[in-house]
Ligand SMILES: C[S@@+](CC[C@H](N)C(=O)[O-])C[C@H]1O[C@@H](n2cnc3c(N)ncnc32)[C@H](O)[C@@H]1O
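Listed below in structure tokens is the structure:
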């Protein structure tokens, strides 16, 4: 019989998490513990993510929190990244989590109830069909696709003068260079890449930020 491989251990909470979540840290801990316990069997995260669950996923997501205002859509929330994490950190902001997969929607609804996130609405839809054309103040997304595909999915949901805040990896500049057509088609202005988390005791992350006219 092939021996069953043991699960890699989950990353312990880094000190920076309490600074970033403030008095909402207990909710962040509860969400992360549930994601560690059930995320893999539910197909939300792979086992290799456990050793970097805080740094790569929870802290990476919450770094966007200071940039948010009004009503924010998160396209392709999946396990709750960044949408649930941001809704924990910013109870003063409304979130619409847009996710097409039934099992993921059930997980998000469960987390909304368990964490008493009154500022969250979960919508089962693809972004292309989401019922908020040009309505949202800002739209976020993480790990949903390259910018050339992601801009046409997200920009139509943003009100004139609102913003795209797309969490991206190290290849963001190359992706942006290939997304010129989408950037002009959707009349994005103030297009820039910002680094978040520099000078903090965590990995910095990058956000593609632009205003939709
Ligand atoms: C790789 S997962 C990333 C999930 C999460 N954002 C994260 O960072 O872990 C991509 C997610 O986008 C969702 N998705 C794919 N196409 C979509 C679309 N057109 N509209 C909305 N969500 C979509 C998938 O169902 C999936 O949950």
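Residue numbers (our numbering): 484 to 696. For each residue, glycine too, the CB sits at the ideal point set by N, CA and C.
Excluding the 5 residues flanking residue i on each side, which residues of the same chain have their C-beta closer than 8 Å to its C-beta?
{"i": "residue 499", "result": "542, 683, 684, 685"}
{"i": "residue 517", "result": "594, 597"}
{"i": "residue 569", "result": "544, 545, 547, 548, 551, 555, 557, 576, 578, 623"}
Are residue i and residue j close, meaning C-beta to C-beta below 8 Å?
{"i": "residue 633", "j": "residue 603", "result": "no"}
{"i": "residue 679", "j": "residue 693", "result": "no"}
{"i": "residue 658", "j": "residue 629", "result": "yes"}
{"i": "residue 560", "j": "residue 582", "result": "yes"}
{"i": "residue 533", "j": "residue 490", "result": "yes"}
{"i": "residue 621", "j": "residue 646", "result": "yes"}
{"i": "residue 504", "j": "residue 511", "result": "yes"}
{"i": "residue 690", "j": "residue 641", "result": "no"}
{"i": "residue 636", "j": "residue 612", "result": "no"}
What residue does the alpha helix (DSSP H) around residue i start on, and which one ends it?
{"i": "residue 592", "result": "585-597"}
{"i": "residue 512", "result": "508-521"}
Starting from the Cα of residue i, find the closest Cα among the options and give me that residue.
{"i": "residue 514", "options": "611, 629, 654, 592", "result": "592"}
{"i": "residue 547", "options": "536, 567, 668, 521", "result": "567"}
{"i": "residue 573", "options": "507, 650, 676, 653", "result": "507"}
{"i": "residue 667", "options": "586, 519, 638, 539", "result": "638"}
{"i": "residue 590", "options": "681, 503, 524", "result": "524"}
{"i": "residue 588", "options": "605, 646, 493", "result": "605"}
{"i": "residue 644", "options": "664, 617, 665", "result": "617"}
{"i": "residue 676", "options": "611, 664, 651", "result": "651"}
{"i": "residue 601", "options": "695, 571, 540", "result": "571"}
Please go through the same chain and pick out, in chain order, the residues whose beta-carbon is closer than 7 Å to the beta-carbon of residue i, but skip the five residues on each side of it.
{"i": "residue 662", "result": "630, 631, 634"}
{"i": "residue 522", "result": "528, 562"}
Looking only at its own chain, which residues have a Cβ that is under 6 Å from the Cβ of residue i, when we skip the five neighbours before and after it?
{"i": "residue 527", "result": "562"}
{"i": "residue 497", "result": "537"}
{"i": "residue 625", "result": "564, 565, 650"}
{"i": "residue 615", "result": "640"}
Determine the extent of the beta strand (DSSP E) in which residue i is found, giving its start and end residues.
{"i": "residue 580", "result": "577-581"}
Length-filtered (3 minimum) beta strand (DSSP E) runs lying within the stretch 614-676: 619-625, 641-651
Entirely enclosed beta strand (DSSP E) segments - the stretch 526-552, minimum 3 residues: none
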